[in-house]
């Protein structure tokens, strides 16, 4: 009896795999978990308003998404990669080696990165990049000398900050957010606190000094979070003294549990990020395989719908969720309409 | 006799009696009593953990099973929805969901006026009380029946997740103080509308049967489609692992010669049972997706990966069940002239069946709750948004699975998704418990002991 079942199921599987080669009618998207909420909102509205099925949006991170994107051209590969950072030259090269040559880069808007703490915790209401650097860097400047970071409390280096133990939950190195944190906060703080000058004075060249600026202390006062913002939120909820790094949209959905700190005196808001006053922000992108346009039904329509004023405009649902709308949206719309690839636009 | 009496007289009189315990016996007895208390304490700790766990799950998850609705009389003006007036479906479809927002605002204003609620809120702000799915719901109704254009229809629309949270006690006026999604003023309106019966809460069937929704509308999300994904995966697992597992164990147990090679296979089957499931996920990605080119995120691939994971469990339990059948059965069958195969298939296998089925069900229950391998084959994300249309598409079109869906919800920013994740856990647990109960019943009813 079981042999019969075995053959029957083997035949069934064979039949099913044969049909797998048939056309795919759904747009496949993968990549950044920061872009995922926006992509899912667009995908849902796209499914409602068009005759195409709602695209599939997988999460997994910018790098994983771009890696999948560069695997090649064909129905077994994804059509769009979401990324919270621009594509790297090395990735473009890998893409080209696998036959993915025409890539359309679409910037959908900006995402703010905020420092927030428990709502009932100490008054972390104003930070400068130098404060974050002094609290978290491996080496800091004390009395003009470069020493290992031994600060235990915030008010030890800035009397305006509360008398509370230093504890920070920052995104792990696999997150795109980490790069922004390093570039816009640690590097800026390194320069402002005089540590960079001290590194260079100690005989390092500019590149080595820049790298030294990014070293985070390893005595447990700074904790890398490899999970999502929900994990950071859970850690913050159980540590009243801690500060954490969040995306603006995540913070805006959890204002009852978190309070946000200003950076260089600027409150993180859609308006301040759009104007560029709030320093810690980054552009969000998605990348389209041009070779798939016209092959996968609905691909171009999805891209155009994504950047349409209805969705991506300053009053659209994406902005409502926390995306900072791109002031140059009209240009992006044109780019998508003309299917301008990265090479021709560069 | 005399010797004995003499011995008794000479020997020192025993100080103990069976009625009076000596020191060592008391010590031993005390140790036993202590051990009993340890045991009871261990059981009590286990029970407490279970109660706390189940209590938390139920307390956090029950709210997901009710949902807040706002019933509105929506006027569907032809001027907005069908400008040319020819009721051509293609023309009507050109009005996107954004075109319906004004109509919904108007309907809300009318509802406030009808119920005597005073408010000086802007129309667009009023709409924050409703889910953004409302526009799609009305548009679908209009597209399904264009003749309702120009009339006023009553719609039961989903309230936004914040309003829903307010009725469930999750959202308060204080917690909204800095929330840009809803204001305390909205809650005053909700209070009055609730009294008037416009806002009401009822059982949430769409949570059990519905599809996943995007991050901005947790109120619409349901676990139904990912439940189908799990079902198709379990079908693949059952159809592959049961025959392969049973055939392998029958061969190993009844036919295979005992030598180094079969020993090696046996050891490796036990090893496979202990391999972390994520390993099978990577294997699935490399073999099924990148090499065989099966579609991504498909329940078929998920089922194949989980089959690899379930096989050792089934083989081990099947072999145990076959071993438990006494040799006398085989000997008797062979004695009356049955071939080896006849003895196995006519006598041993039927007797071992309850054990095999129990093992299979427990293996399936394990596979049902598995998330890690699904991470790698792309079954996590915003995927289970449309139900599959047909059986082939059920196997091949992208879908999620119940545990993957729960994981995805737990990650999302909106606190309403947290509640949904707990609700999903309740449903998953009900499935697992049912499967385990079936396994127990099978074992109790049909298993024979010799």
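Protein chains in written order, with the UniProt record's numbering: chain D, 1 to 346; chain R, 1 to 450. Note that CB positions come from ideal geometry on N, CA and C, so glycine has one too. For clarity, every value in this text was computed on a predicted model and none was experimentally measured.
Rounded Cβ spacing between residue i and residue j (contact assumed at less than 8 angstroms)
i: residue 319 of chain R; j: residue 270 of chain R; result: Not confirmed; about 10 angstroms, so no contact.
i: residue 243 of chain D; j: residue 116 of chain D; result: 7 angstroms
i: residue 434 of chain R; j: residue 367 of chain R; result: Rounded, the Cβ-Cβ distance is 15 angstroms, inconsistent with contact.
i: residue 382 of chain R; j: residue 57 of chain D; result: 4 angstroms
i: residue 102 of chain D; j: residue 257 of chain D; result: Not a contact, Cβ separation roughly 45 angstroms.
i: residue 84 of chain D; j: residue 176 of chain D; result: 4 angstroms
i: residue 138 of chain R; j: residue 74 of chain R; result: 6 angstroms
i: residue 159 of chain R; j: residue 70 of chain R; result: 5 angstroms
Nearest neighbour of residue i, chosen from the options [CA to CA]
i: residue 66 of chain R; options: R:410, R:202, R:306, R:372; result: R:202
i: residue 222 of chain D; options: D:251, D:153, D:273; result: D:153
i: residue 179 of chain D; options: D:143, D:224, D:144; result: D:224
i: residue 425 of chain R; options: R:25, R:31, R:30, R:62; result: R:62
i: residue 278 of chain R; options: R:214, R:187, R:375, R:74; result: R:375
i: residue 398 of chain R; options: R:331, R:230, R:440; result: R:230
i: residue 420 of chain R; options: R:215, R:365, R:295, R:284; result: R:215
i: residue 132 of chain D; options: D:203, D:245, D:77; result: D:245
i: residue 404 of chain R; options: R:115, R:30, R:224, R:194; result: R:224
i: residue 384 of chain R; options: R:406, R:185, R:392; result: R:406
i: residue 123 of chain D; options: D:337, D:259, D:283, D:306; result: D:259
CB contact check: residue i to chain R, cutoff 8 angstroms
i: residue 24 of chain D; result: yes
i: residue 177 of chain D; result: no
i: residue 256 of chain D; result: yes
i: residue 57 of chain D; result: yes
i: residue 283 of chain D; result: no
For residue j and residue i, the rounded distance between their alpha carbons
i: residue 243 of chain R; j: residue 315 of chain R; result: 10 angstroms
i: residue 245 of chain R; j: residue 185 of chain D; result: 57 angstroms
i: residue 64 of chain R; j: residue 40 of chain D; result: 21 angstroms
i: residue 323 of chain D; j: residue 437 of chain R; result: 48 angstroms
i: residue 183 of chain D; j: residue 294 of chain D; result: 39 angstroms
i: residue 292 of chain R; j: residue 299 of chain R; result: 15 angstroms
i: residue 299 of chain D; j: residue 104 of chain D; result: 12 angstroms
i: residue 80 of chain R; j: residue 101 of chain R; result: 11 angstroms
i: residue 386 of chain R; j: residue 264 of chain D; result: 46 angstroms
i: residue 157 of chain D; j: residue 275 of chain R; result: 50 angstroms
i: residue 21 of chain D; j: residue 369 of chain R; result: Bear in mind that the predicted position of residue 21 of chain D carries a pLDDT of just 42, short of 50, making it unreliable; the figure below should be weighed with that in mind. Approximately 30 angstroms, taken between the alpha carbons.
i: residue 161 of chain D; j: residue 97 of chain R; result: 48 angstroms
i: residue 343 of chain R; j: residue 326 of chain R; result: 12 angstroms
i: residue 57 of chain R; j: residue 207 of chain R; result: 16 angstroms
i: residue 326 of chain D; j: residue 218 of chain D; result: 38 angstroms
i: residue 140 of chain D; j: residue 285 of chain D; result: 35 angstroms
i: residue 65 of chain D; j: residue 88 of chain D; result: 13 angstroms
i: residue 26 of chain D; j: residue 423 of chain R; result: 29 angstroms
i: residue 364 of chain R; j: residue 349 of chain R; result: 20 angstroms
i: residue 341 of chain R; j: residue 306 of chain R; result: 30 angstroms
i: residue 431 of chain R; j: residue 353 of chain R; result: 23 angstroms
i: residue 373 of chain R; j: residue 168 of chain R; result: 35 angstroms
i: residue 198 of chain R; j: residue 72 of chain R; result: 7 angstroms
i: residue 253 of chain R; j: residue 295 of chain R; result: 37 angstroms
i: residue 228 of chain R; j: residue 362 of chain R; result: 20 angstroms
Burial state of residue i (16 or more Cβ within 10 Å)
i: residue 196 of chain D; result: buried
i: residue 40 of chain R; result: exposed
i: residue 417 of chain R; result: buried
i: residue 360 of chain R; result: buried
i: residue 339 of chain R; result: exposed
i: residue 155 of chain D; result: exposed
i: residue 262 of chain R; result: exposed
i: residue 371 of chain R; result: buried
i: residue 44 of chain D; result: buried
Neighbour flag for residue i against chain D, beta carbons, 8 angstroms
i: residue 413 of chain R; result: yes
i: residue 153 of chain R; result: no
i: residue 313 of chain R; result: no
i: residue 180 of chain R; result: yes
i: residue 382 of chain R; result: yes
i: residue 132 of chain R; result: yes
i: residue 33 of chain R; result: no
i: residue 386 of chain R; result: yes
i: residue 56 of chain R; result: no
i: residue 89 of chain R; result: no
i: residue 226 of chain R; result: no
i: residue 302 of chain R; result: no
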